[in-house]
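Quick note on our numbering: the sequence shown kicks off at 62 and runs consecutively.
Virtual Cβ for every residue (Gly too), placed ideally from N, Cα, C.
Working notes, beginning with the structure itself.
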Amino acid sequence: MQDCSCGVARADNSDTCPVSLSQPMIQEALPDLSSKSEKNSTAKRNNDGARDLGQDTNGPSRLIEFPGATRAMPEWRKQLSQRVREVQERKAREAAEELAAAQEAGLVSCALPSGQLELVPDLEQPMMNPIVSKALERIDRARRVDHFTSAGPGVATAPVLDTDIEELTSPNRDDGQALSSRPKLTVVAPDALVAATIDMTIEQTETNPANEVAFESSAAEVQSRKPMRVISNDDVALSYLETCLSVPALSSDTRDDIPSLTRRFCGGVIDLILIALMVSPAVAAVYLSGGKWTDPRVIEIMSGVTVITMFAYLTISIALTGRTVAMRMFSLRTIDLRTGLIPTGGQSIKRAIGFVFSLAFLGLGLGYALIDPDQRTVYDRLSNTIVVRA
Numbered sequence: 062m063q064d065c066s067c068g069v070a071r072a073d074n075s076d077t078c079p080v081s082l083s084q085p086m087i088q089e090a091l092p093d094l095s096s097k098s099e100k101n102s103t104a105k106r107n108n109d110g111a112r113d114l115g116q117d118t119n120g121p122s123r124l125i126e127f128p129g130a131t132r133a134m135p136e137w138r139k140q141l142s143q144r145v146r147e148v149q150e151r152k153a154r155e156a157a158e159e160l161a162a163a164q165e166a167g168l169v170s171c172a173l174p175s176g177q178l179e180l181v182p183d184l185e186q187p188m189m190n191p192i193v194s195k196a197l198e199r200i201d202r203a204r205r206v207d208h209f210t211s212a213g214p215g216v217a218t219a220p221v222l223d224t225d226i227e228e229l230t231s232p233n234r235d236d237g238q239a240l241s242s243r244p245k246l247t248v249v250a251p252d253a254l255v256a257a258t259i260d261m262t263i264e265q266t267e268t269n270p271a272n273e274v275a276f277e278s279s280a281a282e283v284q285s286r287k288p289m290r291v292i293s294n295d296d297v298a299l300s301y302l303e304t305c306l307s308v309p310a311l312s313s314d315t316r317d318d319i320p321s322l323t324r325r326f327c328g329g330v331i332d333l334i335l336i337a338l339m340v341s342p343a344v345a346a347v348y349l350s351g352g353k354w355t356d357p358r359v360i361e362i363m364s365g366v367t368v369i370t371m372f373a374y375l376t377i378s379i380a381l382t383g384r385t386v387a388m389r390m391f392s393l394r395t396i397d398l399r400t401g402l403i404p405t406g407g408q409s410i411k412r413a414i415g416f417v418f419s420l421a422f423l424g425l426g427l428g429y430a431l432i433d434p435d436q437r438t439v440y441d442r443l444s445n446t447i448v449v450r451a
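Structural data, given as structure tokens:
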């Protein structure tokens with residue numbers, strides 16, 4: 062046996078190499094092996110990619126499907142590629158324009174080698190999907206430098222999409238000129254105020270006594286105009302009340318109208334006799350019933366009847382007409398010391414209570430008139446009234 066140049070021993074003395082004889086057989090078997098290896102490697106890569114991305118092979122795939130060797134390119138990928146090419150072309154044109162402007166301005170030397178920009182050939186593609194175009198616009202806006210400039214930390218500013226809005230938000234030049242043309246205010250220190258003394262001469266004039274008298278009379282007339290107290294609808298009673306209310310106010314000579322104490326005493330005695338006559342029916346009832354005057358119950362009943370009768374007689378007489386029956390006989394009248402009119406209901410009640418207590422204390426209230434300059438009793442002072450001649 063002889064060794065061949067390839068290292069394989071030849072059984073016979075032939076000149077042909079056994080390796081060269083086996084090459085056609087190897088070439089026929091190689092295509093099948095290469096195709097099988099390619100398929101196995103492709104399947105392995107797909108499985109590795111799905112495992113890395115955490116894709117569940119049992120559920121539906123959520124990955125973006127890319128076109129394979131035998132699959133056509135999807136529409137959205139064509140539109141995305143077209144948009145990318147347009148952006149690259151625009152950036153290339155802008156770079157070329159900036160370089161040309163810099164060379165004209167002398168900022169960049171013309172001798173420097175400029176990089177050759179290769180433009181992607183523009184292929185005819187259909188209209189882009191609006192969703193893809195919006196996504197690309199957002200990416201383009203995010204890449205702008207002015208989008209990241211903000212007024213302060215943590216403040217997000219929305220990008221301006223319309224030039225009209227920018228014109229509206231931009232400050233007006235005329236407004237700026239108007240603001241700059243406004244005059245500036247200067248602060249002036251206040252001057253010290255000097256207190257000036259002013260001599261005021263007041264001319265004092267003497268008042269006329271006649272004017273004072275007229276003023277007093279007019280004030281008395283105003284005070285005398287008070288609403289009348291109407292008690293019944295009888296015309297005679299109303300006319301009588303009008304005459305009673307027409308009593309003039311107190312004048313300076315009121316002391317001359319004060320009656321004597323004798324007349325008032327006689328009038329008081331007659332009033333007591335009239336009250337006794339009013340109480341006589343109760344006295345007759347006691348006699349007819351066989352009651353004894355020493356009985357405390359009889360004394361209490363008769364005292365109560367007498368007090369009630371006296372109080373009612375004095376209050377009603379003074380409140381309605383300003384005088385009792387005895388005062389009418391002696392031309393006496395009770396009036397209000399302030400207004401000169403007949404006393405009110407409250408004044409009449411106070412006067413009657415004072416008269417009853419004066420009799421209860423042995424006439425001490427009546428004796429006060431002896432020392433009073435106006436001959437007023439205690440109940441006159443209490444009710445602010447006075448007895449005058451009618």
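Quick one: what does DSSP say residue i is sitting in, helix, strand or coil?
i: Ile432; result: coil
i: Ile447; result: strand
i: Arg205; result: coil
i: Asp441; result: helix
i: Leu393; result: strand
i: Asp332; result: helix
i: Thr355; result: coil
i: Gly383; result: coil
i: Ser409; result: helix
i: Ala421; result: helix
i: Arg146; result: helix
i: Ala133; result: coil
i: Met189; result: coil
i: Ile200; result: helix
i: Thr376; result: helix
i: Cys400; result: A small fix is needed here, since residue 400 is Thr in this sequence, not Cys. Coil, per DSSP.
i: Ser364; result: helix
i: Leu194; result: A small correction: the amino acid at residue 194 is Ser; Leu does not occupy that position in the sequence shown. The answer is helix: DSSP assigns Ser194 an H, G or I state.
i: Ile414; result: helix
i: Ile342; result: Residue 342 is actually Pro in this sequence, not Ile. In this structure, Pro342 counts as helix in the three-state DSSP scheme.
i: Gly167; result: coil
i: Ile319; result: coil
i: Val347; result: helix
Measure the CB-CB distance between residue i and residue j and report whether it falls below 7 Å.
i: Arg412; j: Ser392; result: no
i: Val347; j: Val359; result: yes
i: Ile336; j: Ala387; result: no
i: Met371; j: Val439; result: no
i: Arg151; j: Leu197; result: no
i: Leu427; j: Ser419; result: yes
Since I believe residue j is in contact with residue i (beta carbons under 8 Å), could you give me their beta-carbon distance rounded to a whole number of angstroms?
i: Thr323; j: Thr395; result: Rounded, the Cβ-Cβ distance is 18 Å, inconsistent with contact.
i: Val449; j: Asp318; result: 4 Å
i: Ser409; j: Thr376; result: 5 Å
i: Leu160; j: Val193; result: About 31 Å separates the two Cβ atoms, so there is no contact after all.
i: Met363; j: Ala343; result: 6 Å
Going by Cα to Cα distance, which pick from the options is closest to residue i?
i: Arg384; options: Ala156, Leu141, Gly328; result: Gly328
i: Ile379; options: Ala166, Ser364, Ile414, Met363; result: Ile414
i: Gly401; options: Ala451, Pro342, Ala133; result: Ala451
i: Val148; options: Ala430, Asp397, Ile200; result: Ile200
i: Tyr43; options: Arg154, Ala162, Ile334, Arg325; result: The requested residue 43 is not part of the displayed model; the chain covers only 62 to 451.
i: Gly407; options: Val340, Pro320, Asp441; result: Asp441
i: Ile369; options: Lys195, Pro434, Gly167, Met339; result: Met339
i: Gly424; options: Ala156, Pro320, Phe326, Ala163; result: Phe326
i: Arg437; options: Gly352, Ser350, Asp397, Met390; result: Asp397
i: Asp435; options: Met390, Lys353, Ser321; result: Ser321
Is any beta-carbon of chain C found at less than 7 Å from that of residue i?
i: Leu425; result: Of the protein chains in this structure there is only one, and it is not chain C.
Within the chosen definition, does the region 186-198 reach the region 130-149 through at least 3 CB pairs nearer than 8 Å?
-> Using a Cβ-Cβ distance cut-off of 8 Å, the region 186-198 and the region 130-149 are in contact, since at least three pairs of beta carbons, one from each stretch, lie closer than that value.
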